[in-house]
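Structure first, then comments.
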Amino acid sequence: MASLGQIIFWGMIVMIFVAAGLIILILSVSFAVQGLGGSQATVDSNNKWPIGNLGEDVILSCKFKTSTNSRELTSQVSITWKKKGLSEVVYSYNKGAVQLTEQNPQFKDRTQLFSDAIGGGNASMLLRNVKMKDEGVYYCSVNAPSGSGTDSVNLRVAAFSAPKFKWVNTTLMAEGERWFPKPDVLWLDVNDNVLNESETSFFNNSAGITRFISSLQQITLNDSYTCIIQNHLVKAVSRATVKDIEISTRTFFSFSTAAAPPILLPQRHVLAATTSFFFWIYQLT
1 MASLGQIIFW GMIVMIFVAA GLIILILSVS FAVQGLGGSQ ATVDSNNKWP
51 IGNLGEDVIL SCKFKTSTNS RELTSQVSIT WKKKGLSEVV YSYNKGAVQL
101 TEQNPQFKDR TQLFSDAIGG GNASMLLRNV KMKDEGVYYC SVNAPSGSGT
151 DSVNLRVAAF SAPKFKWVNT TLMAEGERWF PKPDVLWLDV NDNVLNESET
201 SFFNNSAGIT RFISSLQQIT LNDSYTCIIQ NHLVKAVSRA TVKDIEISTR
251 TFFSFSTAAA PPILLPQRHV LAATTSFFFW IYQLT
């Protein structure tokens, strides 16, 4: 009969072989995954729900994974942008050359890539002079030495502008020249309390773009007031400080990052909870 020491010895040998087999299996799976990664490069977007302002430019974000040891040669990269529902391409770039023979007429002279950044994995497209019919789902497809892939970007279209303020006697007036969809307008005092002493009139042009004039009565000099303008896509928060002979204002824009509309609430902390980024405009009138 085998001694206890022999049993322990052979048991350790078996465990060593089992452990070695597991290590080999793990390494094999790892190399297989890396091999698949080489055939399908990561293609994604930093902003899958961009909002384009009517008449202005918008960037549809798209990036792809490049080789780890060097930048991709643009002559070896192909990028195609398409829009859901259209048979023709929006933009096509094939191995260093722009190919627009099959471009949809809707996008003629309105699209371009950032050619200097393609080698670093940037396949984003600039869309100029945004129109209402540009709204929809776009597909960015990349074929590069490091692999290939496709990702989608859902472009939403709105119209928005910073309000202009003026002060007449004891009334503070805010005028928004272009908004779509029609927004809600709300006034707050310096402590973020809702002010009900306001009246807002809306006017629509033939294109459905809304202009509004909102008046806040019985204001106090040297106090600050906030005008919130918001629809389900865009929110503008304008802080106006009324002084003796002038009004200083700052406007912050924020944008919905999902299909669901944000909730219109006066608390300032809601702004960060419902949006991913903002920018501001400073005015002195």
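Residue 175 in the UniProt record's numbering sits at position 175 of the sequence shown, and the numbers go up by one each step.
Cβ atoms here follow ideal geometry from the backbone N, Cα and C, with glycine treated the same way.
Please read all numbers here as calculations on a predicted model, not as lab measurements.
query                                                                                                                                                           : result
In angstroms, rounded to a whole number, what distance separates the CA positions of L264 and W179?                                                             : Note that L264 scores a pLDDT of 44, beneath 50, so its modelled location is shaky; the value from the coordinates is reported in the next line. Spanning the two alpha carbons is a distance of roughly 16 Å.
Could you tell me the distance, in whole angstroms, from the CA atom of D44 to the CA atom of G149?                                                             : 9 Å
Measuring CA to CA, which of I219, V137, K166 and Q112 is closest to L195?                                                                                      : I219
If we require 3 or more residues per run, which beta strand (DSSP E) segments fall completely within the UniProt domain "Ig-like" (55 to 156)?                  : 58 to 60, 78 to 83, 91 to 94, 111 to 113, 125 to 127 and 136 to 144
Measuring only the C-alpha atoms, how far is Q217 from D223?                                                                                                    : 13 Å
Across the stretch 82 to 93 and the stretch 108 to 125, are there enough close Cβ pairs to call them in contact, namely three or more that are closer than 8 Å? : yes
Using CA coordinates, which residue listed in N143, R211 and Y139 is at the minimum distance from L155?                                                         : Y139
Given this structure, state the Cα-to-Cα distance separating residue 286 from P105, to the nearest angstrom.                                                    : For the chain, the structure presents residues 1 to 285; residue 286 sits outside this window and is missing.
Just to confirm, is the Cβ distance from W167 to I79 under 8 Å?                                                                                                 : no
With H, G and I counted as helix, E and B as strand and the rest as coil, what does DSSP make of I228?                                                          : strand
Quickly, what does DSSP pair V190 with across the bridge? List them, please.                                                                                    : BP columns for V190 are empty, so no partner.
For the candidate residues I245, R250 and L233, whose alpha-carbon lies nearest to that of R239?                                                                : R250
In the structure shown, what three-state DSSP assignment does L172 receive?                                                                                     : strand
At which residues does the beta strand (DSSP E) containing L235 begin and terminate?                                                                            : It should be noted that the sequence gives Lys, not Leu, for residue 235. V234 to V242 is the extent of the beta strand (DSSP E) around K235.
Just mark T170 as buried or exposed, buried being the case when its beta carbon has 16 or more other beta carbons within 10 Å.                                  : exposed
Is it buried or exposed, G176, if we count other Cβ atoms within 10 angstroms and call 16 or more buried?                                                       : buried
Identify whether D223 lies in helix, strand or coil by the three-state DSSP scheme.                                                                             : coil
Decide if I51 is buried, meaning its Cβ has at least 16 other Cβ atoms within 10 Å, or exposed.                                                                 : buried
Mapping DSSP to helix, strand and coil, what is S198?                                                                                                           : strand
Quick check: the Cα distance between Q103 and P183, rounded to an integer number of angstroms?                                                                  : 35 Å
Three-state secondary structure (DSSP) at W167?                                                                                                                 : strand
Identify the residues that DSSP records as bridge partners of G52: which are they?                                                                              : V157
Since I229 contacts P163 with CB under 8 Å, what's their CB separation in whole angstroms?                                                                      : 7 Å
Please report the residue range of the beta strand (DSSP E) in which T42 lies.                                                                                  : Note, T42: premise wrong, no beta strand (DSSP E); not H, not E.
Based on Cα-Cα distance, which residue from N46, S146 and V89 lies nearest to S67?                                                                              : S146
Less than 6 Å between C-beta atoms, sequence neighbours within five positions excluded: which residues of the same chain meet that for I213?                    : E175 and S201
Whole-angstrom Cβ separation of L54 and M132, contact assumed at under 8 Å?                                                                                     : 7 Å
In terms of alpha-carbon separation, which member of V142, T111 and S141 lies closest to V130?                                                                  : T111
Only counting the same chain, and skipping five residues up and downstream in sequence, which positions put a Cβ closer than 6 Å to that of N143?               : S78
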